[in-house]
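Right, one structure below, let's go through it.
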Amino acid sequence: MGYAKVYAAWKDDPETFWMEQAKAIDWTRPPTKALDDSNAPLYRWFTDAEVNTCYNAVDRHVENGRGEQAAIIYDSPVTQTKHSISYAQLQTRVAALAGALRAKGITKGDRVIIYMPMIPEALEAMLACARLGAIHSVVFGGFAANELAVRIDDATPKAIIAGSCGIEPGRIVAYKPLLDGAIELANHKPEFCVIFQREQELAALTPGRDFDWHAFQAGVEPAECVPVSGDHPAYILYTSGTTGAPKGVVRPTAGHLVALNWTMKAVYNVNPGEVFWAASDVGWVVGHSYICYAPLIHGNTTVVFEGKPIGTPDAGTFWRVIEEHDVKSFFTAPTAFRAIKREDPKGAMIKDYDISGLRALYLAGERADPDTIEWAQRVMGVPVYDHWWQTETGYTIAGNPAGIEALPVKIGSPTVAMPGYDVQILDEAGQPVQPGALGAIAVKLPLPPGTLPTLWNAEDRFVQSYLTTFPGYYETGDAGMIDEDGYLYIMARTDDVINVAGHRLSTGAMEEVLAAHPDVGECAVIGVSDTLKGQLPLGFICLNAGCDRSHADIGAEVIAAVREKIGPVAAFKLVAVVDRLPKTRSGKILRGTMVKIADGAAYKMPATIDDPTILDEIEAALKPLGYAGG
């Protein structure tokens, strides 16, 4: 069946569709029905089933003769280390860690915070929690102590599993002092901590509270898999809230298994046994879904990469990993490719590598601008698929279903809605708009299996944040449009649609124009306050390596290009040339913070910021334009 028939089959009978996908999972007690709508609009899936995630991700592959296959390939250019772990080895390691946690009192429903770098042990910690039915909450390694403390107080973990340090290009980040500081700040205190010591930075252990990873597991009986109910939380993942307080997205166990397993073939077009690589971090939802869980559930080999797209050692590192490990399907953020393109504009370094085994590149996490997609297509010679989803959903809302039917790519669009998602564009009154009209992107309820059923300890906030603006719909917080062919276009966060003298304009459309300039490597457009027009667009541009042209000339050219492509109505005349843009560690540009700096408003340092010093550079660039107190 092609995409249209598969999507129609889901829409006509969602119950049968999801029960069919559930057959690919090994259940302790199979579900008798998919959807539980008894508490609508708080929908749940597979509630009468019993299952264990770790069994499906590890043990069943060993039992089915896949034990010698590599489950994890660890590739760390920052430590010059590479090794692989088979499914049989992974089973032994995870069962041992789970047994040690059980011996210290961790049982079904207990929370465990994981605070680790990009090493295989991070995945082992996640899987060991899942083995016991404990609920893990991975917090990005190196997160500030006060932010970690907020998460400790919200999740109230019985234990914390941490690495002694993380390794960034040119520096070591000691985690233990941050962990100690967080525990001191938090009202809730964990009963114990398990520390994985890395030779680059050994941590001082607190007697009676901290245990060495290896000594902790010595002589302990390995643990078997503990079945949990279908709606049991697999994990909590905190996402920054617009109010500043983080939101604990809850991931339900059974729906997570069913949906993620389905996506590996349908979206990413890989077969069991093949190598899949998501270049992200376990601290983000991409790391949860597509470094740890989905590839292992589906029987793939997953790559755990501890490095950066550039600087570890150069802009060819992605090509090396793809060649060396025979990666079939590759997923990363557009930001990573913008960094490579800026460093190696002609893509010369790819000529040193053979990436002919790669089927496709998948981009998500930020809008993939047409210029970056076209560059990647040209340089790599494989299909480049943008796709769109959120921490809250855990997998693709809209994408190109390459494993069902590779649809024509329309650059600028993540293609079409996946089965499970009835995506609509609504006006401010909640009414559907005409094809091609800009509006709020919403998904008709119920959301599909595996998406968030609530927020941790915050059901009212869940309803208020996502279900109240448009009754009967999930509010995505993104703005966009759907064309006559059903292709979706994500133009901006709803907050990034700016109002210039009564005209609603997408900053994303302006960014596309800036990114198309041959000297621009990266860019961002924000809306700044203006007494006459309400808001004005202001562009930030980063120039490609080796560009030595006048900044004033380039600024004039991009202003002219916006005027030509979008029109005088955009009133685009403010451009700042900067060396870099402030981003989260997953590569999202911190546009909201930039707006506050430009408007001279108070702002809280974003918890996820990669390098806080960039904000000073942004402020300095704005002052000559008359903003940020200039």
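The sequence shown begins at 1 in full-length UniProt numbering and counts up one residue at a time. Backbone N, C-alpha and C define an ideal beta-carbon position, used for all residues, glycine too.
Per DSSP, which residues does residue i bridge with? Please list them.
i	result
residue 632	The question about residue 632 has no answer, for the chain in this structure spans 1 to 630.
G166	V173
D180	According to DSSP, D180 bridges with nothing at all.
E475	A442
M481	Y489
S329	F276 and A360
V150	V150 is not bridged to any residue.
K351	BP columns for K351 are empty, so no partner.
Q535	S529
T239	K247
Q424	A442
V577	I541
L455	V249
K341	DSSP output for K341 lists no bridge partner at all.
K583	I589
E201	R198
R111	I135
Taking the alpha-carbon of residue i as reference, which of the options has the nearest alpha-carbon?
i	options	result
Y474	L257, I73, P453 and V303	P453
T415	I425, R359, L426 and D386	D386
R131	K176, P169 and N52	N52
L358	A621, E274 and C547	E274
Q69	E201, R198, T302 and D110	T302
E224	S465, D231 and Q91	Q91
T531	G166, N499, E459 and F331	N499
R251	K623, Y235 and L260	Y235
P41	E522, G486, Y466 and H517	Y466
I161	V562, L615, D212 and I172	D212
P193	A100, V285 and T507	Residue identity differs from the one stated: residue 193 is Cys in this sequence, not Pro. Of the listed residues, the one whose Cα sits closest to C193 is A100.
What do you reckon, are the CB atoms on residue i and residue j nearer than 8 Å?
i	j	result
I589	I618	no
M264	V270	yes
G287	A333	no
D344	A315	yes
A9	P30	no
A479	I526	no
T593	P606	yes
A159	V112	yes
D422	V443	yes
A524	R342	no
G142	Y175	yes
N146	L179	no
Y353	W319	yes
A182	L148	yes
L296	A98	no
Can you tell me the Cα-Cα spacing of residue i and residue j, whole angstroms?
i	j	result
T584	Q89	34 Å
F276	A571	45 Å
T393	Y43	14 Å
M1	A266	12 Å
R60	W262	17 Å
Q80	D37	51 Å
I482	F140	35 Å
T32	C54	22 Å
F305	G311	14 Å
L445	A254	19 Å
V433	L426	6 Å
G230	W27	10 Å
W45	G450	8 Å
A4	L407	10 Å
M19	D12	14 Å
P190	A57	28 Å
R66	G567	59 Å
K565	G399	27 Å
K328	H136	30 Å
A509	M491	7 Å
For residue i, count neighbouring Cβ atoms within 10 angstroms of its own Cβ and tell me buried if that reaches 16, exposed if not.
i	result
T243	Its pLDDT being 46, under 50, T243 is placed unreliably in this model, and the value from its coordinates should be taken loosely. The residue in question, T243, is exposed, as its Cβ has fewer than 16 Cβ neighbours within 10 Å.
A348	exposed
K108	exposed
E121	buried
T16	exposed
R378	exposed
R102	buried
G105	exposed
G626	exposed
D460	exposed
K247	buried
Check whether chain D comes within 8 Å of residue i, counting only Cβ atoms and requiring the distance to be less than that.
i	result
L127	Absence of chain D from the displayed structure is noted, only one protein chain being present.
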